[in-house]
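Visitor:
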Amino acid sequence: MKKLLFQFDTDTHPSVFDTVVGYDGGADHVIGHGGLMPENVTGLVEGAIFTRAPKDKKNTAIFIGGSDMVAGQKLLAAVQRCFFGGFQVSVMLDSNGSNTTAAAAVAKLAASGTLAGKKAVVLAGTGPVGQRAAAMLAMEGANVSITARKMERAVVACDNMKRRFGVDITPLEAADNNARAIAITDAQIVLATGAAGVELLTVEQWQANTSLEMIADANATPPLGIGGTDMMDKGELRHGKIIWGAIGFGTLKLALHRACVGKLFEDNKQVLDAENIFALAKEMA
């Protein structure tokens, strides 16, 4: 029986990246649907849950993606509301690759040193990856702050993570590189999750920081988010700091994404979101 992965995307066009990884993760066919929202997803879910016998439902799964994590969370909830009794299929949420990317970055940091009790700053952390990474760092016992150009955005992001994960994250306003350099003055961990091609710190702003122990940068588009690092860094020691670049931990991200897709077909009751994706990332790291 064919393994069918239905790609439910909140954007107009389903992500090509997610389609490719769906196949690489073990799906025989990936069927993409774009522009989905809670109001129009019911018929698609019913088509997935009613068509195969109970023993065969594990061969059907749903992947929720798109650029908007909040929209993805709402779509996941709507999909789950359609399930009842034995009528369900496994489902995974990874809007904008945020769960797998954040999990891979934090898992590599956790494998490189102690996170509990450390001060961690997520630079430009209001996007999907930054928010999920901040929550995962907090769940590991770090004291986490996120920066944004405007305080209002930082506050909203922290509130989102408080509601979703029950963790306390501190919002910081940091409108430019100098402000971000001040924000990391006494931090041991820095994770950059800014927009592609935007430098958040120069090498001069972090190399002499004696409190810093670990740095990770999720940006692979030059200029990198943190100057003086390399996207290929895999726990490299630079200026006394352990550095992870976007490709350096991206290898784990892709392997994790594929492994999660594979798990969807183990049975029909999997719900893969931040917590269990992160747990798997730590095992794989």
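Each number in our numbering comes from the position in the sequence shown (counting from 1) with 53 added on.
In this text, a Cβ means the ideal position worked out from N, Cα and C, and glycines have one as well.
Pick helix, strand or coil for Val144, following the three-state DSSP scheme.
Guide: Position 91 of the sequence shown, counting from 1, holds the residue named residue 144. In the structure shown, Val144 sits in a strand (DSSP, three-state: E or B).
Visitor: So for Leu244, helix, strand or coil by DSSP?
Guide: Within the sequence shown, residue 244 is the residue found at index 191, counting from 1. Three-state DSSP puts Leu244 in a strand.
Visitor: Can you give the Cα-Cα distance for Pro67 and Leu89, rounded to whole angstroms?
Guide: In the sequence shown, residue 67 corresponds to position 14, counting from 1. In the sequence shown, residue 89 corresponds to position 36, counting from 1. Their Cα atoms are separated by approximately 10 Å.
Visitor: Among Val243, Leu305, Gly288, which residue has its Cα nearest to the Cα of Ala187?
Guide: Along the sequence shown, one-based indexing puts residue 187 at 134. Among Val243, Leu305, Gly288, the Cα nearest to that of Ala187 is on Val243.
Visitor: In terms of DSSP beta bridges, what is Val324 paired with?
Guide: Taking the sequence shown and counting its residues from 1, the one referred to as residue 324 is at position 271. Looking at the DSSP assignment, Val324 forms a beta bridge with Val144.
Visitor: At the level of alpha carbons, what is the spacing between Val220 and Met192?
Guide: Translated into positions along the sequence shown, residue 220 becomes position 167. Translated into positions along the sequence shown, residue 192 becomes position 139. Roughly 7 Å separates the two Cα atoms.
Visitor: Suppose you measure from the CA of Ile279 to the CA of His310; what does that come to, to the nearest Å?
Guide: Taking the sequence shown and counting its residues from 1, one reaches residue 279 at position 226. Taking the sequence shown and counting its residues from 1, one reaches residue 310 at position 257. Answer to the nearest angstrom: the Cα atoms are 25 Å apart.
Visitor: Under three-state DSSP, which class holds Asp109?
Guide: As a working mapping, residue 109 is identified with position 56 in the sequence shown. Helix, per DSSP.
Visitor: Under 8 Å: do the segment 112–125 and the segment 287–301 share three or more Cβ pairs, one atom per stretch?
Guide: No, because fewer than three Cβ pairs between the segment 112–125 and the segment 287–301 fall closer than 8 Å, the two stretches do not touch.
Visitor: Just to confirm my understanding: we take Gly79, look at its own chain, exclude 5 residues before and 5 after, and list those with CB closer than 8 Å. What are they?
Guide: Here residue 79 refers to the residue found at position 26 when the sequence shown is read from its first residue. Only Lys56, Arg311, Val314, Gly315, Phe318 meet the Cβ criterion.
Visitor: Specify the secondary structure class of Leu225 as computed by DSSP and reduced to three states.
Guide: What you label residue 225 is simply residue 172 of the sequence shown in a count that begins at 1. If DSSP states are grouped into helix, strand and coil, Leu225 belongs with the strands.
Visitor: Sort Val256, Gly281, Asp286 by Cα distance to Gly303 and report the nearest one.
Guide: Here residue 303 refers to the residue found at position 250 when the sequence shown is read from its first residue. The shortest C-alpha separation from Gly303 is found at Asp286.
Visitor: Could you tell me the boundaries of the alpha helix (DSSP H) in which Glu92 lies?
Guide: What you label residue 92 is simply residue 39 of the sequence shown in a count that begins at 1. Counting along the chain, Glu92 falls outside any alpha helix (DSSP H), and DSSP gives it neither H nor E.
Visitor: Looking at C-alpha atoms only, which residue of Val209, Thr113, Ala163 is the closest neighbour of Gln323?
Guide: Locating residue 323 in the sequence shown gives position 270, counting from the first residue. Considering only alpha carbons, the answer is Thr113.
Visitor: Mind pulling the beta strand (DSSP E) runs of 3 or more residues that sit fully within the segment 173–242?
Guide: The qualifying runs are 196–201, 223–226.
Visitor: Output the distance between the C-alpha atoms of Pro91 and Gln60, rounded to the nearest integer angstrom.
Guide: Position 38 of the sequence shown holds residue 91. Position 7 of the sequence shown holds residue 60. Using only the alpha carbons, I get a separation of about 15 Å.
Visitor: Do you know offhand how far Met267's Cα is from Leu290's?
Guide: The residue you call residue 267 lines up with position 214 of the sequence shown. The residue you call residue 290 lines up with position 237 of the sequence shown. Using only the alpha carbons, I get a separation of about 9 Å.
Visitor: Have a look at Gly194 and Arg185 and give me their C-alpha separation to the nearest angstrom.
Guide: Position 141 of the sequence shown, counting from 1, holds the residue named residue 194. Position 132 of the sequence shown, counting from 1, holds the residue named residue 185. Each residue's Cα considered, the two are about 14 Å apart.
Visitor: Give a yes or no on contact between the segment 150–163 and the segment 259–277, applying the rule of three or more CB pairs nearer than 8 Å.
Guide: Yes, the segment 150–163 is in contact with the segment 259–277.
Visitor: Thinking Thr200 and Ala227 are a contact (beta carbons under 8 Å), I'd like their distance in whole angstroms, please.
Guide: Here the question's residue 200 lines up with position 147 in the sequence shown. Here the question's residue 227 lines up with position 174 in the sequence shown. The Cβ separation is near 4 Å, so the contact holds.
Visitor: Cβ of Phe331 less than 8 Å from any chain B Cβ?
Guide: In the structure shown, chain B cannot be found, because there is only a single protein chain.
Visitor: What whole-angstrom Cβ distance do Thr223 and Ser198 have, given they're in contact under 8 Å?
Guide: As a position in the sequence shown, residue 223 is number 170, starting the count at 1. As a position in the sequence shown, residue 198 is number 145, starting the count at 1. Indeed, because the Cβ distance is near 4 Å, the residues count as touching under 8 Å.
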